[in-house]
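K.L.:
So, in structure tokens, the structure goes:
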């Protein structure tokens, strides 16, 4: 499997996905109102058996498209969706 580059993560369905809803890149899934719509989904961790985040919540890490293209990870945004 080819390792996705930062530019490949922008605007794709999902660069990496397992049985759960964990993703790297792609469209995020929200429990509440979508957050940081001016950013792209970098990583999403979803609750599952063996990894319970609160009471079935989701953790997101967002990054601005320009920062991802430049591989600048100094200003990522952590969002806890419950």
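In our numbering, the protein residues as written are 784 to 865. Ideal placement from N, C-alpha and C gives every residue a C-beta, glycine not left out.
According to DSSP, is residue 850 helix, strand or coil?
P.N.:
Indexing the chain shown from 1 puts residue 850 at position 67. Reduced to three states, the DSSP call for residue 850 is helix.
K.L.:
Are the Cβ atoms of residue 820 and residue 806 separated by less than 9 Å?
P.N.:
Working through the chain shown from its first residue, we reach residue 820 at position 37. Working through the chain shown from its first residue, we reach residue 806 at position 23. Cβ atoms of residue 820 and residue 806: not closer than 9 Å.
K.L.:
Got a sec, what are the start and stop residues for the beta strand (DSSP E) residue 864 sits in?
P.N.:
The residue you call residue 864 lines up with position 81 of the chain shown. Counting along the chain, the beta strand (DSSP E) containing residue 864 begins and ends at 860 to 864.
K.L.:
Please report the straight-line C-alpha distance between residue 841 and residue 860, rounded to a whole angstrom.
P.N.:
Residue numbering aside, residue 841 sits at position 58 when the chain shown is read from its first letter. Residue numbering aside, residue 860 sits at position 77 when the chain shown is read from its first letter. Computed Cα separation, rounded: 14 Å.
K.L.:
Taking the beta carbon of residue 856 as the centre, do at least 16 other beta carbons fall within 10 Å, making it buried, or is it exposed?
P.N.:
For the purposes of this step, residue 856 is identified with residue 73 of the chain shown, where counting begins at 1. Classification for residue 856: exposed.
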